[in-house]
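Novice: One structure coming up, written as structure tokens, with questions to follow.
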Amino acid sequence: MAEAAVFNLIKTQNKPFGVQGLVDNLQTAGIKKAAVQKAVDALSDSGKITCKEFGKTKLYLLKQDGLEVLSKEDMEARKAEQKQLLEALQAAHKAAREAEAELRSWNNSMSVEEMRAKVAALTQQRDAQATKLSGLRSGAKLVSADERRAAEAGFRAAMEVWRKRRGVFRGIWDTISEGMEGKQSDLFEEIGVDTDEAAGVTYAELESRFLRAAARGVKRPRSIKQ
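In the working numbering, the protein residues as written are 30 to 255.
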């Protein structure tokens, strides 16, 4: 079995093989290296193949005596056929890679259950947005009086904290900066102080906006202490 398989491979390929090359090509047949070595020795002794030695390396090839010599036309035809087969093989490999990529994309896609959950969530979101849009079109108030009062109270508290911290900083700064040379803005930039002006807001402007917005509400809130 091993001898026939080795001879068939050498005859079909018609190129030199080392023992390891034969073992690699016959791996699927389950033929071990010892069996391959025994087969090439027997084939060499019987004269079916030739052994060429290059130092410690031995190469085995089919004897070329009696082989059909192809004409130039036949050789060109064989080359053309080989080219077509190679192109077909490359196309098949490309199609296989594309199919594998598509399979991976499907495996990474959501399952049917996940898609149903996603659709349900999007439907719920759409319905909520539709309800909100309907309220806006009808002119209904979407913020309750309690929510408005809570927002106003939170804003007033934040503004009060802002006012106090500005006052504390100003008192400290006036004390430590007395006698310092240079522009105040340059000193602030050097030590990393963020001013209202640098942030593009002012206390008075925000208070004014708040009071104007509150005036359009149900009840005018008390003014914020400056």
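Backbone N, C-alpha and C fix where the C-beta goes; we use that ideal spot for every residue, glycine too. Being a predicted model, the structure only gives us computed values, none of them experimental.
Which value, in whole angstroms, describes the spacing of the CA atoms of Lys44 and Leu132?
Specialist: Roughly 39 Å separates the two Cα atoms.
Novice: For Glu127 and Gln119, I'd like the C-alpha separation in whole angstroms.
Specialist: When rounded, the distance between both Cα atoms is 12 Å.
Novice: Which first and last residues belong to the beta strand (DSSP E) in which Glu82 is found?
Specialist: Counting along the chain, the beta strand (DSSP E) containing Glu82 begins and ends at Ile78 to Phe83.
Novice: Sorted by chain position, which residues of the same chain lie with C-beta nearer than 7 Å to Thr224's C-beta, five sequence neighbours on each side aside?
Specialist: So the qualifying residues of the chain are Phe217.
Novice: At which residue ranges does the segment 112–179 contain complete alpha helix (DSSP H) runs of 4 or more residues, listed in the order of the chain?
Specialist: For the segment 112–179, whole alpha helix (DSSP H) runs of length 4 or above, ordered along the chain, are 141–167.
Novice: Count Cβ pairs between the segment 203–210 and the segment 174–192 that sit closer than 8 Å; are there 3 or more?
Specialist: In short, these stretches do not touch, since the Cβ pair count stays below three.
Novice: By DSSP's criteria, Tyr89 is part of a beta bridge. Which residues make up the other side?
Specialist: According to DSSP, Tyr89 bridges with Phe46 and Cys80.
Novice: Residues in the same chain with beta-carbon distance under 7 Å from Ala58, minus the five sequence neighbours each way, listed in chain order, please.
Specialist: So the qualifying residues of the chain are Ala34.
Novice: Quick check on Phe36: buried or exposed, where buried means 16 or more other Cβ atoms within 10 Å of its Cβ?
Specialist: Its Cβ being crowded by 16 or more others within 10 Å, Phe36 is buried.
Novice: Is there at least one Cβ from chain D nearer than 7 Å to Gly183's Cβ?
Specialist: Absent from the structure is chain D; it holds one protein chain and no more.
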